[in-house]
Amino acid sequence: MTGSAENEVPGEGHDDVTPGAPMGEPESLDHVADCIVVGAGVAGLVAARELVLAGLSVIVLEAADRAGGKVRSHVVDGLTLDAGAESFATRRGTVADLVERLGLGDDIEVPDAAGAWLQASDTDAMPLPKAGMLGIPSVPLAADVIRVIGLGAALRAQLDLLLPGVIGSRETTLGGLVRRRMGARVVERLVAPVTMGVHSRHPDSLDVDAVAPGLRAGLKNEESLASAVRVMRAAAPAGSAVSGIRGGVSRLVTALVSALERFGVEVRYGTAVQGADAAGVTLADGSRLTARAVVVAAPDRGLTQREGTWPDAEESRIALATLVVRSQELDRAPRGTGVLVAEGCSTITAKALTHSSAKWAWLGEKAGEHRHVLRLSYDARRVEKHDETAFLDQAISDATKLLGTRLSRGDVLGFARTDWVAGTPDRRPTDDGVTRLGETVAGTGLAAVVGHAQRETRALAARLGEDAVS
Numbered sequence: 318m319t320g321s322a323e324n325e326v327p328g329e330g331h332d333d334v335t336p337g338a339p340m341g342e343p344e345s346l347d348h349v350a351d352c353i354v355v356g357a358g359v360a361g362l363v364a365a366r367e368l369v370l371a372g373l374s375v376i377v378l379e380a381a382d383r384a385g386g387k388v389r390s391h392v393v394d395g396l397t398l399d400a401g402a403e404s405f406a407t408r409r410g411t412v413a414d415l416v417e418r419l420g421l422g423d424d425i426e427v428p429d430a431a432g433a434w435l436q437a438s439d440t441d442a443m444p445l446p447k448a449g450m451l452g453i454p455s456v457p458l459a460a461d462v463i464r465v466i467g468l469g470a471a472l473r474a475q476l477d478l479l480l481p482g483v484i485g486s487r488e489t490t491l492g493g494l495v496r497r498r499m500g501a502r503v504v505e506r507l508v509a510p511v512t513m514g515v516h517s518r519h520p521d522s523l524d525v526d527a528v529a530p531g532l533r534a535g536l537k538n539e540e541s542l543a544s545a546v547r548v549m550r551a552a553a554p555a556g557s558a559v560s561g562i563r564g565g566v567s568r569l570v571t572a573l574v575s576a577l578e579r580f581g582v583e584v585r586y587g588t589a590v591q592g593a594d595a596a597g598v599t600l601a602d603g604s605r606l607t608a609r610a611v612v613v614a615a616p617d618r619g620l621t622q623r624e625g626t627w628p629d630a631e632e633s634r635i636a637l638a639t640l641v642v643r644s645q646e647l648d649r650a651p652r653g654t655g656v657l658v659a660e661g662c663s664t665i666t667a668k669a670l671t672h673s674s675a676k677w678a679w680l681g682e683k684a685g686e687h688r689h690v691l692r693l694s695y696d697a698r699r700v701e702k703h704d705e706t707a708f709l710d711q712a713i714s715d716a717t718k719l720l721g722t723r724l725s726r727g728d729v730l731g732f733a734r735t736d737w738v739a740g741t742p743d744r745r746p747t748d749d750g751v752t753r754l755g756e757t758v759a760g761t762g763l764a765a766v767v768g769h770a771q772r773e774t775r776a777l778a779a780r781l782g783e784d785a786v787s
């Protein structure tokens with residue numbers, strides 16, 4: 318039996334204090350709380366939970382009318398579905414532990430074992446090689462690897478076994494590391510389709526330590542990238558590298574908000590913040606709120622007050638098409654749990670397709686007979702901004718090609734478009750006294766965001782506790 322939020326022990330992992338009780342006297346009667354958290358996405362909600370469990374009073378400010386950020390739900394053809402993240406990495410157990418503590422542990426579910434396919438060209442689709450990590454092969458000369466990249470590229474990748482472990486170990490990006498060890502074709506044909514589908518970013522722009530913690534150290538220890546991947550796979554907990562939650566990952570947000578409400582934390586929706594510093598925040602209407610500490614977990618150009626650190630919105634925007642279709646042909650899940658798209662597919666615009674109702678058993682059960690949920694992700698620069706009809710037609714066309722199954726407008730029962738801006742990592746240190754959380758400092762993925770938020774806010778709570786008694 319898993320624990321529930323109602324049964325959380327106040328101060329568990331912290332000092333034994335009552336959640337929400339101020340730690341020490343506030344510096345000023347003008348303070349609204351010990352801590353102001355800006356942003357009610359997962360990072361902000363996790364931060365607020367950690368702070369209140371440490372005995373600090375907290376207020377959360379959110380510009381939107383609901384919590385969740387990129388982890389929220391929407392309804393398509395009567396089905397409540399994840400509008401953003403639908404899974405989380407199981408590495409280190411960070412997210413799973415939080416899910417357990419929030420009372421959802423019994424609802425953690427692994428995806429179908431069939432795995433994903435790779436659209437290697439306009440006409441060639443095949444199962445993605447399974448003995449690897451983030452597309453990095455653990456056996457470069459395996460038949461399924463050769464089928465994707467060719468014998469010549471596989472032989473080049475095999476040279477990894479002969480290179481000294483120090484080569485590539487100082488590369489900071491995933492793409493740079495794999496390219497040095499195994500060659501460009503492995504990066505473009507295997508790794509890039511995976512990272513573009515999972516992280517919405519090319520491996521050349523992904524911090525290797527953020528998306529694959531321990532990989533560089535493993536390379537030096539094993540003297541081979543392929544060997545490091547094999548060791549890391551063997552050491553990982555049994556099961557899939559990712560998991561989901563029955564009913565959708567967005568339930569994590571609902572559980573976090575409910576826990577904060579029980580702890581008496583106020584979440585103010587529709588409250589935009591235009592500036593933040595160590596002493597408080599300035600709201601959009603010019604008013605000022607002060608606190609002993611400020612945590613910013615919202616990606617806003619004006620809020621961070623650092624010029625040139627945010628990407629152009631068009632370059633970083635992801636468009637997600639969710640389709641609910643009726644098709645007997647899709648009952649057999651012809652392309653497993655979905656299809657990742659390699660560069661060079663000129664007739665396919667989508668970067669990836671997830672056959673969600675085949676990937677997640679709970680969703681397949683909920684969808685019912687012959688009804689299927691498909692999610693296709695796009696670089697928003699390549700699809701029409703304001704023409705939803707054209708976007709729907711593009712999604713139908715791409716789904717037909719990627720699944721090898723004819724779909725038409727008449728098969729579509731429901732459709733929704735969701736746009737996201739992918740956060741660009743910026744780990745440059747700041748000295749303004751504000752604690753910053755979220756993708757731009759933690760890296761992409763729930764595991765990275767949750768783990769970083771927990772570490773940073775626990776450290777902040779410890780500092781505030783020391784100040785209170787000094």
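Residue 318 is where the sequence shown starts when you use our numbering, and the numbers rise one by one after that.
Where a beta carbon is used, it is the ideal one built from N, C-alpha and C, also for glycine.
(request) Taking Ala-778 as the reference, give the member of Lys-702, Val-359, Val-349, Ser-374 with the closest Cα. (result) As a position in the sequence shown, residue 778 is number 461, starting the count at 1. Ala-778 has its Cα closest to that of Ser-374, out of Lys-702, Val-359, Val-349, Ser-374.
(message) Quick check on the burial criterion: 16 or more other C-beta atoms within 10 angstroms. Buried or exposed for Ala-776?
(response) Within the sequence shown, numbered from 1, the residue matching residue 776 stands at position 459. Ala-776 comes out exposed.
(request) Report the residue ranges of all beta strand (DSSP E) runs contained in full by the stretch 631-664; include only those spanning at least 3 residues, in chain order. (result) 634-643, 655-658
(message) At the level of alpha carbons, what is the spacing between Pro-327 and Ala-357?
(response) Counting from one through the sequence shown, the residue named residue 327 turns up at place 10. Counting from one through the sequence shown, the residue named residue 357 turns up at place 40. At Pro-327 the pLDDT is 34, less than 50, meaning the model places this residue with poor confidence; the figure from the coordinates comes in the next sentence. Approximately 22 Å between the Cα atoms of the pair.
(request) Using 10 angstroms around the beta-carbon of Ser-517, count the other beta-carbons present and answer buried if the total reaches 16, otherwise exposed. (result) What you label residue 517 is simply residue 200 of the sequence shown in a count that begins at 1. Classification for Ser-517: buried.
(request) Below 8 Å CB to CB, which residues in the same chain sit around Ile-562 once its five sequence neighbours on both sides are set aside? (result) Locating residue 562 in the sequence shown gives position 245, counting from the first residue. Cβ within range, chain order: Val-416, Leu-421, Asp-424, Ile-425, Glu-426, Arg-568, Leu-569.
(message) By the three-class DSSP mapping on this structure, what secondary structure does Phe-405 have?
(response) One-based indexing of the sequence shown puts residue 405 at position 88. The answer is strand: DSSP assigns Phe-405 an E or B state.
(request) Put Val-582 into one of helix, strand or coil per three-state DSSP. (result) What you label residue 582 is simply residue 265 of the sequence shown in a count that begins at 1. In the structure shown, Val-582 sits in coil (DSSP, three-state: anything other than H, G, I, E or B).
(message) Using a 10 Å radius around the Cβ and a threshold of 16 neighbouring Cβ atoms, would you call Asp-710 buried or exposed?
(response) Numbered from 1 along the sequence shown, position 393 holds the residue referred to as residue 710. Asp-710 should be labelled exposed.
(request) Could you pull out every residue in the same chain whose Cβ sits closer than 8 Å to the Cβ of Asp-736, ignoring the five residues on either side in sequence? (result) If you number the sequence shown from 1, residue 736 lands on position 419. So the list reads Arg-634, Ile-635, Ala-636, Leu-637, Ala-697, once near-sequence residues are dropped.
(message) Quick check: Leu-523 and Thr-761, are their CB atoms within less than 9 Å of each other?
(response) Taking the first residue of the sequence shown as 1, we reach residue 523 at position 206. Taking the first residue of the sequence shown as 1, we reach residue 761 at position 444. It is a contact, given that the beta carbons lie within the stated cut-off.
(request) Would you kindly work out how many angstroms separate the C-alpha atoms of Thr-397 and Ser-455, rounded to a whole number? (result) Taking the first residue of the sequence shown as 1, we reach residue 397 at position 80. Taking the first residue of the sequence shown as 1, we reach residue 455 at position 138. Cα to Cα, the separation comes out at about 38 Å.
(request) Have a look at the DSSP bridge pairing and note the partners of Met-499. (result) Counting from one through the sequence shown, the residue named residue 499 turns up at place 182. In DSSP, Met-499 forms no bridge with anything.
(request) Check whether the stretch 571-579 touches the stretch 521-537, counting contact only when three or more Cβ pairs, one atom from each stretch, lie closer than 8 Å. (result) no
(request) Can you tell me which of the three DSSP states Trp-677 falls into? (result) By one-based count along the sequence shown, residue 677 stands at place 360. Reduced to three states, the DSSP call for Trp-677 is coil.
(request) Could you give the DSSP three-state label for Glu-493: helix, strand or coil? (result) Translated into the one-based positions of the sequence shown, residue 493 becomes position 176. The sequence shown places Gly at residue 493, not Glu. Three-state DSSP puts Gly-493 in a helix.
(message) Do Phe-580 and Leu-370 count as a contact pair if the criterion is CB distance below 9 Å?
(response) Residue mapping note: residue 370 aligns to position 53 of the sequence shown, counting from 1. Residue mapping note: residue 580 aligns to position 263 of the sequence shown, counting from 1. Yes, they are a contact pair.
(request) Let me know the secondary structure DSSP gives Ile-453 once reduced to three states. (result) Taking the first residue of the sequence shown as 1, we reach residue 453 at position 136. Ile-453: strand per DSSP, three-state reduction.
(request) Please name the residue or residues paired with Ser-390 in a DSSP beta bridge. (result) As a working note, residue 390 is residue 73 in the sequence shown. Paired residues: Asp-399.
(request) Report the residue from Gly-449, Arg-643, Leu-458, His-391 whose alpha carbon sits nearest the alpha carbon of Asp-728. (result) For the purposes of this step, residue 728 is taken as the residue at position 411 of the sequence shown. The candidate whose alpha carbon is nearest that of Asp-728 is Arg-643.
(request) Helix, strand or coil for Asp-749, going by three-state DSSP, please let me know. (result) For the purposes of this step, residue 749 is taken as residue 432 along the sequence shown, with counting starting at 1. Of the three classes helix, strand and coil, the one that applies to Asp-749 here is coil, per DSSP.
(request) With DSSP as the reference, label Val-525 as helix, strand or coil. (result) Position 208 of the sequence shown, counting from 1, holds the residue named residue 525. Helix at Val-525.
(message) Quick check on Asp-477: does DSSP put it in helix, strand or coil?
(response) If you number the sequence shown from 1, residue 477 lands on position 160. If DSSP states are grouped into helix, strand and coil, Asp-477 belongs with the helices.
(request) Ignore the nearest five residues each way along the sequence and tell me which others in Ala-589's own chain have a CB closer than 6 Å to its CB. (result) Within the sequence shown, numbered from 1, the residue matching residue 589 stands at position 272. Here the set comprises Ala-380, Ala-601.
(request) Return the CA-CA distance between Arg-609 and His-672, expressed in angstroms with no decimal places. (result) Along the sequence shown, read from residue 1 onward, the residue named residue 609 stands at position 292. Along the sequence shown, read from residue 1 onward, the residue named residue 672 stands at position 355. Cα to Cα, Arg-609 sits roughly 47 Å from His-672.
(request) Sort Glu-539, Ala-527, Arg-498, Leu-472 by Cα distance to Ile-484 and report the nearest one. (result) On the sequence shown, residue 484 is found 167 positions in, with the first residue counted as 1. Looking at the Cα atoms, Arg-498 is the closest of the given residues.
(message) Quick check on Gly-619: does DSSP put it in helix, strand or coil?
(response) Here residue 619 refers to the residue found at position 302 when the sequence shown is read from its first residue. Residue confidence is low: Gly-619 scores 41 on pLDDT, short of 50, so the model does not pin down where it sits. Its coordinate-derived value is still stated next. Of the three classes helix, strand and coil, the one that applies to Gly-619 here is helix, per DSSP.
(message) Less than 9 Å between the beta carbons of Val-515 and Ile-453, yes or no?
(response) For this step, residue 515 is matched to residue 198 along the sequence shown. For this step, residue 453 is matched to residue 136 along the sequence shown. No, Cβ-Cβ distance for Val-515 and Ile-453 is not below 9 Å.
(message) Only counting the same chain, and skipping five residues up and downstream in sequence, which positions put a Cβ closer than 7 Å to that of Arg-506?
(response) The residue labelled residue 506 in the question sits at position 189 within the sequence shown. The answer, listed in chain order, is Ala-437, Val-465, Ile-466, Ala-659.
(message) Is the separation between the beta-carbon of Gly-661 and that of Trp-434 shorter than 9 Å?
(response) Here residue 661 refers to the residue found at position 344 when the sequence shown is read from its first residue. Here residue 434 refers to the residue found at position 117 when the sequence shown is read from its first residue. Going by C-beta atoms, Gly-661 is not nearer than 9 Å to Trp-434.
(message) Using only the alpha-carbon positions, how far apart do Ser-544 and Leu-680 sit?
(response) Within the sequence shown, the letter at position 227 stands for residue 544. Within the sequence shown, the letter at position 363 stands for residue 680. Going by the C-alpha atoms only, they are around 36 Å apart.
(message) Give me the residue from Ser-663, Trp-677, Leu-657, Ala-678 with the minimum Cα distance to Leu-670.
(response) By 1-based counting over the sequence shown, the position of residue 670 is 353. Looking at the Cα atoms, Leu-657 is the closest of the given residues.
(message) Just verifying my parser: in three-state terms, what is the DSSP assignment at Leu-606?
(response) Numbered from its first residue, the sequence shown carries residue 606 at position 289. If DSSP states are grouped into helix, strand and coil, Leu-606 belongs with the strands.
(message) Between which two residues does the alpha helix (DSSP H) holding Thr-512 run?
(response) Start at 1 with the first residue of the sequence shown, and residue 512 comes out as number 195. Residues 509-515.
(message) DSSP three-state label for Val-590, please.
(response) As a first step, residue 590 is located in the sequence shown; it is residue number 273 there, counting from the start. Strand.
(request) Give me the Cα-Cα distance between Asp-304 and Ala-716, rounded to the nearest whole angstrom. (result) Only positions 318 to 787 of the chain appear in the structure, and residue 304 is not among them; the question remains open.
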